[in-house]
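Worksheet: one structure, shown below.
There are 2 protein chains.
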Amino acid sequence: MPTSRPTAAPTPARNEDDQRFLDDFATMSTFGATPEGGVDRQAATEPDNAQRRWFADLLEENGLRVVYDRIGNQFGLLERVPGAPYVVVGSHMDSQPTAGRFDGAYGVLAAAHAVFRVASEEPDPASPPVHNLAVVNWFNEEGSRFEPSMMGSAVYTGRLGLETALATRDRTGTTVAEALAPTGFLGDGDGPEAVFCAEIHIEQGRVLEDSGSSIGLVSASWAASKYEITVRGEQAHSGATVMPDRRDALLGASLLVVAARELADRFPGVLHTAVGKLDVYPNSPVVVASRVELLLDLRSPDEDVLARANELLLERVAEIEAETGVTVERHLSHAWGVNPYQPSGVDLARSSAERLGLSSEPIMTVAGHDSINMKEHVPTVMLFVPSVSGVSHNVGEYTEDADLIAGLTLLTDVTRRLGAGELGPATPYVPGEDRA
Amino acid sequence: MPTSRPTAAPTPARNEDDQRFLDDFATMSTFGATPEGGVDRQAATEPDNAQRRWFADLLEENGLRVVYDRIGNQFGLLERVPGAPYVVVGSHMDSQPTAGRFDGAYGVLAAAHAVFRVASEEPDPASPPVHNLAVVNWFNEEGSRFEPSMMGSAVYTGRLGLETALATRDRTGTTVAEALAPTGFLGDGDGPEAVFCAEIHIEQGRVLEDSGSSIGLVSASWAASKYEITVRGEQAHSGATVMPDRRDALLGASLLVVAARELADRFPGVLHTAVGKLDVYPNSPVVVASRVELLLDLRSPDEDVLARANELLLERVAEIEAETGVTVERHLSHAWGVNPYQPSGVDLARSSAERLGLSSEPIMTVAGHDSINMKEHVPTVMLFVPSVSGVSHNVGEYTEDADLIAGLTLLTDVTRRLGAGELGPATPYVPGEDRA
Chain C
248 MPTSRPTAAP TPARNEDDQR FLDDFATMST FGATPEGGVD RQAATEPDNA QRRWFADLLE
308 ENGLRVVYDR IGNQFGLLER VPGAPYVVVG SHMDSQPTAG RFDGAYGVLA AAHAVFRVAS
368 EEPDPASPPV HNLAVVNWFN EEGSRFEPSM MGSAVYTGRL GLETALATRD RTGTTVAEAL
428 APTGFLGDGD GPEAVFCAEI HIEQGRVLED SGSSIGLVSA SWAASKYEIT VRGEQAHSGA
488 TVMPDRRDAL LGASLLVVAA RELADRFPGV LHTAVGKLDV YPNSPVVVAS RVELLLDLRS
548 PDEDVLARAN ELLLERVAEI EAETGVTVER HLSHAWGVNP YQPSGVDLAR SSAERLGLSS
608 EPIMTVAGHD SINMKEHVPT VMLFVPSVSG VSHNVGEYTE DADLIAGLTL LTDVTRRLGA
668 GELGPATPYV PGEDRA
Chain V
248 MPTSRPTAAP TPARNEDDQR FLDDFATMST FGATPEGGVD RQAATEPDNA QRRWFADLLE
308 ENGLRVVYDR IGNQFGLLER VPGAPYVVVG SHMDSQPTAG RFDGAYGVLA AAHAVFRVAS
368 EEPDPASPPV HNLAVVNWFN EEGSRFEPSM MGSAVYTGRL GLETALATRD RTGTTVAEAL
428 APTGFLGDGD GPEAVFCAEI HIEQGRVLED SGSSIGLVSA SWAASKYEIT VRGEQAHSGA
488 TVMPDRRDAL LGASLLVVAA RELADRFPGV LHTAVGKLDV YPNSPVVVAS RVELLLDLRS
548 PDEDVLARAN ELLLERVAEI EAETGVTVER HLSHAWGVNP YQPSGVDLAR SSAERLGLSS
608 EPIMTVAGHD SINMKEHVPT VMLFVPSVSG VSHNVGEYTE DADLIAGLTL LTDVTRRLGA
668 GELGPATPYV PGEDRA
């Protein structure tokens with residue numbers, strides 16, 4: 248069992264609504280549950296589908312209208328002001344193959360309960376509803392079955408073409424379209440018009456735990472460079488071929504994995520590097536590898552550090568080529584700078600936290616989130632709750648009940664205020680406009 | 248095109264029999280032919296099966312009786328002395344997924360033509376046949392579809408249990424028994440009784456090319472230690488998790504790949520090391536690997552060097568564990584010392600080469616061959632012909648026609664002399680005896 252943090256969130260009296268939230272979260276965690284206490288709910292697999300059916304029922308029981316767009320994003324709509332645009336609140340319910348229970352799922356359920364709570368309140372005559380409210384469960388945020396990640400929000404925001412996304416294949420050759428077709432989750436619309444967005448997520452780090460804060464107010468996302476790398480050597484007998492004749496693609500790839508780690512060690516705390524995926528060809532016990540494909544990421548909260556790390560990586564690639572005789576092809580598949588969330592949204596969330604007596608602090612997000620796509624179009628509030636020991640993408644991922652409830656309480660207030668137009672006028676984003 | 252070696256084998260007048268051999272070899276190379284000029288004939292796949300059907304016809308057309316044992320080894324029997332044991336001559340026709348045309352296939356066809364030639368000769372009254380002759384095409388020497396390699400000869404020689412071999416599964420879950428059942432290549436006997444063995448193979452190195460010899464007389468096999476290694480780390484978010492918290496199994500595995508190469512560089516020429524197969528779990532773009540499985544081999548012609556290399560590897564493993572926080576489990580799956588072929592067989596082959604005017608030299612084999620299993624039971628002659636540039640397990644593998652013919656000529660003489668009992672009395676090996 249994880250230990251309690253020294254300064255836990257103030258425990259609110261656990262009222263009926265809070266208990267209902269925790270009960271619903273326990274139910275959610277049964278979909279794709281693994282024996283180790285985690286979940287396996289990759290996009291459009293049966294556990295993901297079953298959970299979506301359950302979630303649609305929950306939304307409808309609470310008076311929301313459930314609709315799907317053309318990429319399978321699931322929306323629960325609460326129309327309070329006919330024809331007005333929506334405050335879109337939510338996250339994703341799909342998971343990595345061996346994942347924890349909280350990543351994404353917490354944010355979707357918290358969004359639903361926040362909207363249920365706001366919907367059940369008597370309208371405040373001093374601050375009547377201006378916008379409608381939408382709960383969203385974005386399709387395929389994790390990208391473990393269908394690359395790239397954040398697919399549903401990328402299509403919604405026009406960053407990724409619909410046809411490209413639908414034609415993406417998993418390892419067995421099944422396309423997104425084929426996987427979604429039998430589920431009933433492929434709609435014929437483009438989803439609601441958005442005017443603001445909010446997302447709450449577990450931190451996936453330990454900044455909040457270390458400082459003892461209950462809430463992270465996400466001010467920006469780290470800069471990142473993501474490379475698709477192919478190392479080419481020459482196939483040879485792994486026993487008989489004399490060593491100087493070998494051009495071993497796996498040796499070249501291994502030196503790159505080590506180089507990535509050494510780069511991070513050179514910039515402690517301000518550079519994260521990773522190779523999570525690496526495939527060897529022909530991957531035979533008696534054959535020197537002719538080809539290795541791998542994904543290498545560099546991330547930093549400082550664009551200058553990232554630029555320097557990219558230079559050093561390039562230098563090291565050239566050395567590895569010279570030392571081993573392999574060739575290294577690098578393709579920069581994704582690149583973005585340090586990207587701020589709208590400060591007005593951060594301020595609104597901070598004032599809500601203060602009003603509720605929740606300790607908070609600004610934080611940056613290293614991981615990608617659907618809200619990063621959304622903030623390009625509408626003012627977006629991103630909130631974090633603590634992760635015990637920063638464990639993430641792991642069945643041992645854990646957040647205390649008190650922190651889950653504190654986050655829900657804050658998200659409810661933020662949703663209410665965004666819906667009441669407290670952030671002032673904003674230009675609505677109409678999804679699919681450029682497709683029309 | 249490969250260039251000619253400076254001192255090519257003396258080109259024999261290309262007679263009809265030699266041309267027939269080259270034509271048959273060209274036909275063989277069409278089975279599983281790849282666009283790059285190589286072959287893909289993994290064990291019990293359709294190209295392997297089609298080639299075996301063609302080969303059975305060739306053996307029968309030349310008067311041999313074709314039989315299969317319980318693991319699918321294919322034998323062509325020439326019974327000249329009723330009830331006498333057999334000189335077993337051959338190699339394997341299966342291949343790696345992207346392989347050259349010569350590996351194994353040359354040795355099987357050369358064995359067949361050697362036996363055809365001996366069969367067609369008038370018996371020498373001074374040296375009449377004492378033993379019968381068998382051509383063999385061993386099942387699954389490569390081990391790329393079903394591990395371990397050298398499966399057919401391992402079962403024949405009792406080193407591997409029949410039931411274990413038949414129950415071995417490929418990546419799709421198909422067992423050897425299931426793959427062989429529909430082919431008609433699963434017999435109900437144990438194969439012929441053997442008294443001597445001979446195999447010819449391409450060198451898969453460049454010792455012969457460098458020295459200009461036509462024939463390698465294999466005196467021994469290198470010592471080897473083969474490890475199955477599991478590196479365990481902890482799954483984590485590959486972006487968000489702070490670097491000091493990561494226990495990255497792929498980093499640990501990569502350091503091992505690099506360490507293996509550095510070991511080889513410490514003992515130039517007398518230590519070959521390799522990691523050919525490496526699998527990452529969960530192998531996701533955004534997850535730090537929790538587990539990597541890999542196969543690491545050390546091979547040396549010097550047992551003391553191998554022992555020292557094993558010690559150094561163990562030291563390095565401990566360092567890697569300490570540096571990265573991973574754990575490394577090593578299982579020594581195969582280990583053998585420097586293993587001589589019977590010197591009487593080497594001498595017989597040398598005298599044949601001299602008589603035929605072929606330059607030869609002693610050589611060791613680094614790669615495994617079916618004859619390594621056979622020499623544990625009966626005196627065995629292993630011969631090499633040159634490989635251009637030492638290229639092996641690669642579609643660019645090449646041996647000159649003149650060298651192929653020289654090898655066939657020598658193998659014919661060796662087969663004739665073994666069949667005439669020139670190596671003296673030997674105890675026949677009865678396959679399956681311990682199963683009875």
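Residue numbers (this note's numbering), protein chains in the order written: chain C, 248 to 683; chain V, 248 to 683. Glycine residues also receive a C-beta, built at the ideal position from the N, C-alpha and C atoms. Nothing here was measured: the structure is a model prediction, and the numbers come from that model.
Spell out whether any CB of chain C is found under 8 Å from the CB atom of residue i.
i, result
"V:D295", "no"
"V:Q343", "yes"
"V:P548", "no"
"V:N530", "yes"
"V:S618", "no"
"V:N641", "yes"
"V:M490", "yes"
"V:S598", "no"
Using a Cβ-Cβ distance cut-off of 8 Å, determine whether residue i contacts chain V.
i, result
"C:K524", "yes"
"C:P249", "For C:P249, the predicted structure reports a pLDDT of 41, less than 50, and the residue's modelled location is therefore unreliable. A value from the coordinates is still provided. No, because no Cβ of chain V sits closer than 8 Å to the Cβ of C:P249."
"C:R664", "no"
"C:P609", "no"
"C:G452", "yes"
"C:S460", "no"
"C:S468", "no"
"C:E481", "yes"
"C:R508", "yes"
Note down, in chain order, each residue of its chain lying with its Cβ closer than 6 Å to the Cβ of residue i, except the 5 sequence neighbours on either side.
i, result
"V:S374", "A667"
"C:L502", "I567"
"V:E576", "T477"
"V:A381", "F322, L324, Y333, V335, P439"
"C:A441", "Y333, V335, V625, Y676"
Grab the span of the beta strand (DSSP E) containing residue i for me, first residue to last.
i, result
"V:Q298", "V:Q298 -> not in any beta strand (DSSP E); alpha helix (DSSP H) instead, spanning 293-308."
"V:R288", "V:R288 -> no beta strand (DSSP E), and no H or E assigned at all."
"C:V504", "Here C:V504 belongs to no beta strand (DSSP E); instead the alpha helix (DSSP H) covers 496-513."
"C:E475", "470-479"
"C:D589", "The question names Asp, yet the displayed sequence has Gln at residue 589 of chain C. First-last for C:Q589: undefined, no H or E at that position."
"C:H519", "519-528"
"V:T627", "627-632"
"C:L651", "Element bounds for C:L651: not the beta strand (DSSP E) but the alpha helix (DSSP H), 648-666."
"C:T612", "607-612"
"C:G337", "333-339"
"V:Y315", "312-315"
"V:S547", "538-547"
"V:F443", "441-449"
Measure the beta-carbon distance from residue i to residue j and round it to whole angstroms, keeping in mind my assumption that it falls under 8 Å.
i, j, result
"C:P626", "C:S466", "The Cβ separation is near 13 Å, so there is no contact."
"V:G523", "V:S634", "Not quite, the Cβ-Cβ distance comes to about 19 Å (not below 8 Å), so this is no contact."
"V:L518", "V:V552", "6 Å"
"V:L651", "V:V628", "Actually they do not touch by this definition, with Cβ atoms about 18 Å apart."
"C:S599", "C:D660", "4 Å"
"V:R317", "V:L433", "7 Å"
"V:A500", "V:R546", "Incorrect: roughly 20 Å between the Cβ atoms, too far for contact."
"V:R664", "V:L595", "6 Å"
If you follow the alpha helix (DSSP H) that residue i is in, where does it begin and where does it stop?
i, result
"V:V454", "454-458"
"C:N384", "Premise fails: C:N384 lies in the beta strand (DSSP E), 379-385, not in any alpha helix (DSSP H)."
"V:L325", "Not the alpha helix (DSSP H): V:L325 falls in the beta strand (DSSP E), residues 321-325."
"V:D617", "617-621"
"C:M398", "398-403"
With a threshold of 7 Å on Cβ separation, who are the neighbours of residue i within its own chain once the five nearest residues in sequence on each side are excluded?
i, result
"C:A683", "Any answer about C:A683 is weak, because its pLDDT of 44 lies below 50 and its placement is not dependable; what the coordinates show is given next. Here the set comprises nothing."
"V:E680", "none"
"C:R406", "N620"
Assess, as a yes-or-no matter, whether the region 285-293 of chain V is touched by the region 390-409 of chain V under the definition of 3 or more beta carbon pairs within less than 8 Å. yes
Inter-stretch contact (C-beta, 8 Å, three-pair minimum) for the region 401-418 of chain C and the region 352-365 of chain C: no
So does the region 478-486 of chain V actually touch the region 524-533 of chain V, counting three or more Cβ pairs closer than 8 Å? yes
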